[in-house]
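Asks: Numbering-wise, our numbering comes out as the position in the sequence shown, counting from 1, plus 3.
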Amino acid sequence: MMRPTRRATLVWLVAAPGVGGCAGGAPSVKTTALEFGIEADQEININTNGEPSPVVLRVYELKTKSAFEQASFFELLDGDSAKLGADLVAKREFEVKPGEKSSFKRDSPTDAKHIGVIAGFREIETAQWRAVIDIVPDRDNAFVIQVTALAVKITLTRASRSFGMF
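#1: Given a cut-off of 8 Å on the beta-carbon distance, is the pair V99 and V150 in contact?
#2: Entirely within the region 47-114 and at least 3 residues each: give me those beta strand (DSSP E) ranges in chain order.
#3: I need the straight-line Cα distance from I136 to I157, nearest angstrom please.
#4: Quick one: is A85 buried, meaning 16 or more other Cβ sit within 10 Å of its Cβ, or exposed?
#5: Helix, strand or coil: how does DSSP classify V32 here?
#6: Looking at the structure shown, is G119 part of a helix, part of a strand, or coil, going by DSSP?
#7: Name the DSSP beta bridge partners of E38, please?
#8: Spatial neighbours of I138 within its chain, please: CB distance less than 7 Å, with the 5 preceding and 5 following residues excluded, ordered by chain position.
#9: How would you call E64, buried or exposed, if buried means at least 16 neighbouring beta carbons within 10 angstroms?
#10: Go ahead and pull the three-state DSSP assignment for I138.
#11: Given a threshold of 16 other Cβ atoms within 10 Å of its Cβ, counted over all protein chains shown, does G123 qualify as buried or as exposed?
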């Protein structure tokens with residue numbers, strides 16, 4: 004029968020307390036689970052040749068929505084960080100192709116209270132290029148962003164205690 008040496012026992016006694024401490028770590032930051040589906044119609048953003056073309060889509064997580072709702076499309080496109088200031092929690096940008104479907108998930112800080120979406124249509128003057136919706140607090144939120152010919156919409160499809168996937 005092998006007997007541990009004094010040195011091996013000493014190493015174990017010194018290392019063991021540190022091993023348990025790794026599991027504790029820093030306190031976790033509270034987040035809200037967000038799940039997004041993006042759906043584009045086949046006939047979006049018709050170009051000068053009469054053909055559908057991709058749209059640039061931005062998804063914003065916001066503390067308040069007033070600055071977002073008051074900004075022009077070009078203020079958001081060219082200077083969203085400056086225009087939204089401290090209200091901007093996070094943003095993601097996508098190129099959405101006609102007929103495309105995609106999805107993404109994100110854990111958002113709980114200070115994000117709203118989701119704002121803009122879509123860069125060719126005919127921005129006649130398009131419904133902006134949409135905004137509230138995040139349901141203390142719930143996991145699932146949204147669908149729909150891009151149609153000249154409009155972007157966002158709807159809440161589910162707000163539950165837990166998706167069980169995060």
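Beta carbons: idealized from backbone N, C-alpha and C, even for Gly. In this text, all values refer to a predicted model and were calculated from it rather than measured experimentally.
Replies: With the given structure in hand:
#1: yes
#2: 58-65, 91-99 and 104-112
#3: 7 Å
#4: exposed
#5: coil
#6: strand
#7: K108 and A145
#8: T35, A115, K116, H117, I118 and N144
#9: buried
#10: coil
#11: buried
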